[in-house]
Each structure stands twice: as structure tokens, then as C-alpha cells.
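Colleague: Dropping a structure here in C-alpha cells format, bear with me for questions.
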Amino acid sequence: MAQVAAKSLSSTSPTANKMGQTVEVPLNDTIPIIFIPGIMGSNICDLAGNPVWRIGNSALPLGTVWDRMQKNPAVLQKELNPENTRVDTSGTIKVDPRLKLTEKTLRERYWGTVHWASYGGILTFLQLHLNNIALSKPSPPTMNKVIGDAMDMRAERMLYTRKLEQYKKSTEYVDSWLSLLNNQEIQTWHPQQLPFINIVQKDIEHLKAFHFPVYAMGYNWLQSSEIGAAIVAEKLDKIKKEYGSRFHKFIVVTHSMGGLLGRRLVQLRSSDIAGVVHGVMPAEGAPAVYRRLVAGSVEGADVESFATGLVLGKDAEHTTAVLANAPGGLELLPSKNYNYGKPWLFLKGTGYQGERDIILNEVRLPKSDPYEEIYKADKVWWEMVKEELIDPANIIKSKNPGKRIKDVYFKKIEKVKEFHDKIANKYHPHTYVNYGDDSKLIGFGSLTWTLDKPLKGLTPLQIKMLPRVSKTEIDAYNNQVYKDAAYLGQGGSSYIKAAVKENNGLRYIKLTNGKFGTFKISDKNSTGDGTVPWQSGRAPLNKVGVKQTFKMTGFNHQGSYNNDHVQRSVLYSIVKIIKDNNIQPKYR
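Numbering follows our numbering, in which position 525 of the sequence shown is assigned residue number 509; successive positions increment by one, without gaps.
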């Protein structure tokens, strides 16, 4: 990237700039970087342009938490309806002056479509580093000798400190590039595919011949990634046309669910894509989706996890109203290939014969087909989606008169299976992957429903078919508890303690004595990044087309691209993609 005074204008120069600042004058040879965010990381608005989602999948301001908590399931279903929403392009953009680009230019590159707090850092990092290739620094500033009083000395020290901070900020990209030649840095990536292929200085300097404009591709994550991939493909066509003969190929960088969309995108535009970098991708789905549908999204005791969970859905009523109607979210369910097809949902209960013979019974699911065995489970106590929670706003009922609401949901599951089958074990021939496997960041690798008391004669078959307690029966029970508490003068606290609530990770069954038995869903049990378990994060390892897989630590799922080592592994991956494709400049 060249630098000139702003009075010598380029296509990215601000025409009103008369101050003489340096601005970007791009080189002719162009390799656009396409960044695809994760689920909930794209800003969403309704068809009239009113924002309905701008909060990402991370910690939130208290006001936002309170606002979301006030919305009942029916309101959420209406607001987050895949058919009545689209990508919001007007999100926040904070322009780093080092980019020498205007907000207008970045908005034209769709940076306003993604949640800035989650992805502004990685977008800025890629734009800054890829267009500033340097492996040496100018001399740092020095502090002048001062002849004078203490006040003069303090003033000079403050000036020096300010200059030093500016120097560090203006040359930080040099440290990043140099780190790629440092084995100590590479060891932090924990490459899983050996031998690891190092890059050399010449490989990095080769990038100086290219212009790397960075684009953000926010998408409507409520809709299927099949639709999202098609829309992004059309945008790629437009970008390619704009650059004309200067265009070489795209390089795609993804985060989380964006990886699933990206894999489908590769199938649609393979000839235009040089390679892909996947970050913390749930390559084969995640059991956490099932758990959110039966227990809500509050999954941690710390303030950040608790606040985030409240916003994403405090209980099954809230999460089901959105997720059960959102193909994009359902596509994050474990595919049939999850963890090599091994069971990941367990139903456990203790039975006894006579007085002493205790038998632990366990049902393992799926045996072969999670779509039929788990996601379409119907009218059993452990079903993932309850029909009565799908359509609180009566949207489905009004559009599908005479149809059972759950049958409409089943059609979505069939589409999920079709999408999973399309991308199963399919990767671009030049794919690089980074994922989290941190013992401090536990997620849901499998799930277990456990019965609270032993039952006489219980068998595995009976566990699956135990009679569930209906909502009507739960309401009747709670009403009786309330009456008893009021009669005894014990008040509301006694009622709250004794009442039962089913949609927070508990499911009730009817016992022969008229009482309820309770199944409880398990907590986190698998290392990963706190969201994607290692089983799914590492799934691309050694698959056809995957050149390297990095097993990394030190970051949570949403913050992965804010980690220095992850960022540097992405730079390495981009250098390798260009080298592997032998991309040479047309204009010298």
C-alpha cells in the first residue's frame, strides 16, 4: 500500500480532506478478504429498517439486559422472525485513523453489518496488517536532555511518553509479522498436523505486491445458511466485478457459525476463492443448542455468562420461540457425524428389583440418526422442542391453517439435515483451522438427563417412554401448592419453594403413586472454548483439503479473534494460502 498526501486523490480518499493527512492509495493487484461472523454477530433489522438485534453474543450493558428481559416469548418470536427480518447495515463503526480509510468506505465494505464490539477488532487488525507489510522498525523516539527546572523535565517526560505510545501503536504490525518467523510464537498455536510447514521472510514480503481490502459479510443468522451463502455469493460477484482485471481471488475468514455458511459458499464460488481460515467453528454442531432449547441460555454463574444468557433466552419458553423457528440456529445442532457418530444424549435412571438389586439404566442417543431420534422426538418427556412453546405469537398457526404446529417444525429439521449433508466433511482445498481446547473453558460435549429417584422395575425402554407431566397437570399442582401455603399462612416464599417449573432444565414424569419424578439436564462437561466443545472444534483435523489445524487456549468462544496468538495464526494462514496458490501480481 502506498501513502501520499490527501490532495492526490484515490478511490478511497476522502474528497473533503484538505489537511494533508496520508490516505490509502491501493495497489492494483487485489485479494479481497471476506470476513463472515458467527451466529448473533450480525446486526438484524425488520423489513422497515428498525433494529431488532444489535447485541452480538457477548457481555452486554445493563440497560440492554433489562430491555431484553422484559420481552415475552411472543414478542421475541415476532421480532426475530426469519421471514420479516434482514441484515442491518447501519451498525456502529469506529474508524482507526491508522487505516487511512473513511467511515463511508468501510460502510461500503459492509463493516456496519456486524457487531462492532465482537468483530471491530479483527476487521481493523486484518485491514491494518495486511496492507502494512514490514519486518523492521524505524528507530524509536528518544527523550531530549532538559536543562531547566522540574516542571520542564516533567513536560519533556510527558512528551516522550506520548511519542513512545504513538510509535508503538504505529509499528505494532511489525511485531505481528516478525512473530510469524518465531518458533516460540508458533508453539502457542499447537499445530496438530505434522510436519508443520514454516514460512520465511520472502513469503511475507511477497504480500507487499497486493491490496487486501477487508469486507465484513453480516448475514441473517435466523435464516438457513443455505440462503445466507447464496446472498454472500452474490455480493462476492459484485465485488469481483468492481475490481475487474485487478481481482485475483478472495480469501475467506470465518468465525463460529460463519464457518458453516462459508463451507457452503465455497461450493457455490469455489473458483473465486483461494482459501479459507475457520475460527472456532462448530464443524459438526454443538449439543449446547439442544440444551438451550430445554433449559434456556443461562449457562454460567459468573456475571457475564448470566447476563448474556438472560438476553439470549432465560428459559425454554424464550429460546424455543426464537430457535425452533430459526433454521440458521437449528443448523448448529449436532450433525450425524458429530464426534464420529457416537451418542451424545443420555437418559439415565436407577431401577431396583426386590429390596437390594439396584440397576443403573441408560439410553444412548442417537443410534444413527439424530434428526429422527432426537430432533423429531414427539410427546416424550425428553423431547427437544415442546409444541406448546413453538408459536406463542400464533404466527405459524395463522399461516398454516389445519396443520399441526410441530409438523411445520419437522419440515425445518428435514431442511437442517439436507444442509448438514451438503457440507459434511467438505472443505476448501486450502483450509486452515483454529479452535479452542482449554481446560478452563468448559462446554457441553454431551448431555445427560438423570432421574432423581430409583423406580421399581425400571428398564431402559421404560426410561424413554415414562409418561410426561403435562402443562395442565403442572399448573394444577402449583395451584394446589399455592392454596396449601395460603391456608397454612406460609405466604409466597413457601409457594415459590414448593412449586415446580419445567422449562429450566427439568422435566417431570408421572409416578404410579400420583407424585412427580424429576429428570435434570447435566451441566458443562467438555473442554473447548466455553461454547464449542473440542469434539466439534477439531473435527476438520486431517479432512481432505485441511492443510493445518491449530489447537489453542487462552480465549473464550466469542473473544477468540481478540487473542493475539489467534490473530497471528490467521496471518500465517493467509500467507500460506497465497503461497500454496502461487498467486503472482499482474501489475509490477
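C-beta atoms are modelled at their ideal positions from N, C-alpha and C, and glycine is treated no differently. All values reported here derive from a predicted model rather than from experimental measurement.
Spell out the partners DSSP gives residue 344 in its beta bridges.
Modeller: Numbered from 1 along the sequence shown, position 360 holds the residue referred to as residue 344. Per the DSSP secondary-structure output, residue 344 pairs in a beta bridge with 334.
Colleague: Determine the extent of the beta strand (DSSP E) in which residue 35 is found, giving its start and end residues.
Modeller: Counting from 1 along the sequence shown, the entry for residue 35 is found at position 51. For residue 35, the enclosing beta strand (DSSP E) begins and ends at 35 to 37.
Colleague: In chain order, which beta strand (DSSP E) runs of at least 3 residues are fully inside the stretch 205 to 273?
Modeller: 234 to 239, 257 to 263
Colleague: DSSP state of residue 503, grouped into three classes?
Modeller: Reading the sequence shown from its first residue, position 519 is the one you call residue 503. Residue 503 falls in the strand class under three-state DSSP.
Colleague: Please determine if the stretch 297 to 304 and the stretch 318 to 334 are in contact, where contact requires at least 3 C-beta pairs separated by less than 8 Å.
Modeller: Touching, no.
Colleague: Within 10 Å of its beta-carbon, does residue 312 have 16 or more other beta-carbons around it, so buried, or fewer, so exposed?
Modeller: Start at 1 with the first residue of the sequence shown, and residue 312 comes out as number 328. It is buried - the Cβ of residue 312 has at least 16 other Cβ atoms within 10 Å.
Colleague: With a cut-off of 8 Å on the beta carbons, I'd call residue 234 and residue 115 a contact; round off their distance for me.
Modeller: Within the sequence shown, residue 234 is the residue found at index 250, counting from 1. Within the sequence shown, residue 115 is the residue found at index 131, counting from 1. Between residue 115 and residue 234 the Cβ distance is about 16 Å, and since that is not below 8 Å, they are no contact.
Colleague: Roughly how many angstroms lie between the CA atoms of residue 570 and residue 224, to the nearest whole one?
Modeller: Here the question's residue 570 lines up with position 586 in the sequence shown. Here the question's residue 224 lines up with position 240 in the sequence shown. C-alpha separation (whole angstroms): 16 Å.
Colleague: In terms of residue numbering, what span does the beta strand (DSSP E) encompassing residue 423 cover?
Modeller: By 1-based counting over the sequence shown, the position of residue 423 is 439. Its beta strand (DSSP E) spans residues 422 to 427.
Colleague: By the three-class DSSP mapping on this structure, what secondary structure does residue 522 have?
Modeller: Along the sequence shown, read from residue 1 onward, the residue named residue 522 stands at position 538. Residue 522 falls in the coil class under three-state DSSP.
Colleague: Rounded to whole angstroms, what's the CA-CA distance from residue 375 to residue 390? Just pull it up for me.
Modeller: Start at 1 with the first residue of the sequence shown, and residue 375 comes out as number 391. Start at 1 with the first residue of the sequence shown, and residue 390 comes out as number 406. When rounded, the distance between both Cα atoms is 9 Å.
Colleague: Find out if the Cβ-Cβ distance for the pair residue 29, residue 21 is shorter than 8 Å.
Modeller: On the sequence shown, residue 29 is found 45 positions in, with the first residue counted as 1. On the sequence shown, residue 21 is found 37 positions in, with the first residue counted as 1. Contact flag unset, no.
Colleague: Give a yes or no on whether the C-beta atoms belonging to residue 453 and residue 493 are separated by under 8 Å.
Modeller: Taking the first residue of the sequence shown as 1, we reach residue 453 at position 469. Taking the first residue of the sequence shown as 1, we reach residue 493 at position 509. Cβ distance < 8 Å, so residue 453 and residue 493 count as in contact.
Colleague: Suppose you measure from the CA of residue 256 to the CA of residue 230; what does that come to, to the nearest Å?
Modeller: Residue 256 sits at position 272 when you count from the first residue of the sequence shown. Residue 230 sits at position 246 when you count from the first residue of the sequence shown. Taken atom to atom, the span from the alpha-carbon of residue 256 to that of residue 230 is near 13 Å.
Colleague: Taking just the CA atoms, how far does residue 139 sit from residue 193?
Modeller: Stepping through the sequence shown from its first residue, residue 193 is reached at position 209. Stepping through the sequence shown from its first residue, residue 139 is reached at position 155. If I take the Cα positions, the gap works out to 43 Å.
Colleague: Give me the residue from 418, 57, 63, 514 with the minimum Cα distance to residue 237.
Modeller: Your numbering for residue 237 matches position 253 in the sequence shown. Of the listed residues, the one whose Cα sits closest to residue 237 is 418.
Colleague: Measure the alpha-carbon distance for residue 280 versus residue 521 and round it to whole angstroms.
Modeller: Locating residue 280 in the sequence shown gives position 296, where the first residue counts as 1. Locating residue 521 in the sequence shown gives position 537, where the first residue counts as 1. Taking the straight line joining both Cα atoms gives about 23 Å.
Colleague: Considering residue 102, what are the terminal residues of the alpha helix (DSSP H) in which it resides?
Modeller: Stepping through the sequence shown from its first residue, residue 102 is reached at position 118. 100 to 114 is the extent of the alpha helix (DSSP H) around residue 102.
Colleague: Once the 5 residues before and after residue 176 are set aside, which same chain residues still bring their CB inside 6 Å of it?
Modeller: Working through the sequence shown from its first residue, we reach residue 176 at position 192. Here the set comprises 525, 533, 535.
Colleague: Between the stretch 442 to 453 and the stretch 353 to 370, do three or more beta carbon pairs fall short of 8 Å?
Modeller: yes
Colleague: Once DSSP output is grouped into helix, strand and coil, what is the label at residue 513?
Modeller: As a first step, residue 513 must be located in the sequence shown, where it is residue number 529. Of the three classes helix, strand and coil, the one that applies to residue 513 here is coil, per DSSP.
Colleague: At 4 residues or longer, what runs of the alpha helix (DSSP H) sit wholly inside the stretch 360 to 398?
Modeller: 371 to 374, 379 to 383
Colleague: Could you check the C-alpha separation between residue 76 and residue 426 for me, to the nearest Å?
Modeller: One-based indexing of the sequence shown puts residue 76 at position 92. One-based indexing of the sequence shown puts residue 426 at position 442. Approximately 32 Å between the Cα atoms of the pair.
Colleague: Measure from the alpha carbon of residue 254 to the alpha carbon of each residue in 142, 239, 217, 263, then state which is nearest.
Modeller: The residue labelled residue 254 in the question sits at position 270 within the sequence shown. The residue with the shortest Cα to Cα distance from residue 254 is 217.
Colleague: Quick check: what's the CA-CA separation for residue 566 versus residue 69?
Modeller: The count along the sequence shown starts at 1 and reaches residue 566 at position 582. The count along the sequence shown starts at 1 and reaches residue 69 at position 85. Cα to Cα, residue 566 sits roughly 41 Å from residue 69.
Colleague: Can you have a look at residue 141 and say buried or exposed, based on whether 16 or more other CB atoms are within 10 angstroms of its CB?
Modeller: Indexing the sequence shown from 1 puts residue 141 at position 157. Burial call: exposed.
Colleague: Compute the minimum distance between the beta carbon of residue 230 and the heavy atoms of the ligand PLP, and state whether it is under 7 Å.
Modeller: The ligand PLP is absent from the structure shown, which contains no ligand whatsoever.
Colleague: Distance check for residue 61 and residue 305, CA to CA, integer angstroms please.
Modeller: One-based indexing of the sequence shown puts residue 305 at position 321. One-based indexing of the sequence shown puts residue 61 at position 77. Their backbone Cα atoms lie some 5 Å apart in a straight line.
Colleague: For residue 511, tell me which candidate among 409, 555, 170, 420 has the shortest Cα-Cα distance.
Modeller: Against the sequence shown, residue 511 aligns to sequence position 527. Residue 420 is the option with its Cα nearest to residue 511.
Colleague: Our contact map puts residue 188 next to residue 106 with C-beta atoms below 8 Å; I'd like the distance itself, whole angstroms only.
Modeller: Your numbering for residue 188 matches position 204 in the sequence shown. Your numbering for residue 106 matches position 122 in the sequence shown. Between residue 106 and residue 188 the Cβ distance is about 19 Å, and since that is not below 8 Å, they are no contact.
Colleague: For residue 324, count the other beta carbons within 10 Å of its own beta carbon; 16 or more makes it buried, fewer makes it exposed. Which is it?
Modeller: The residue given as residue 324 occupies position 340 in the sequence shown. Exposed is the call here.
Colleague: In chain order, what residues of the same chain lie with their CB nearer than 6 Å to the CB of residue 344, ignoring the 5 residues before and after it?
Modeller: As a working note, residue 344 is residue 360 in the sequence shown. Cβ neighbours of residue 344 beyond the five flanking positions: 334.
Colleague: Leaving aside the five residues before and after residue 210 along the sequence, list all residues of the same chain whose C-beta is less than 6 Å from its C-beta, in chain order.
Modeller: Working through the sequence shown from its first residue, we reach residue 210 at position 226. Excluding positions up to five away in sequence, the list reads 403.
Colleague: Measure the alpha-carbon distance for residue 392 versus residue 90 and round it to whole angstroms.
Modeller: Within the sequence shown, residue 392 is the residue found at index 408, counting from 1. Within the sequence shown, residue 90 is the residue found at index 106, counting from 1. About 40 Å.
Colleague: Let me confirm a value: residue 291 is counted as buried when at least 16 other C-beta atoms fall within 10 Å, else exposed. Which label applies?
Modeller: Numbered from its first residue, the sequence shown carries residue 291 at position 307. Confidence is the limiting factor: at residue 291 the pLDDT is only 46, short of 50, which leaves the residue's position unreliable, though a coordinate-based value still follows. With 16 or more other Cβ atoms within 10 Å, it is buried.
Colleague: Rounding to the nearest angstrom, what Cα-Cα distance links residue 448 and residue 561 in this structure?
Modeller: Here residue 448 corresponds to residue number 464 of the sequence shown, with the count starting at 1. Here residue 561 corresponds to residue number 577 of the sequence shown, with the count starting at 1. Counting only the Cα atoms, residue 561 lies some 49 Å from residue 448.
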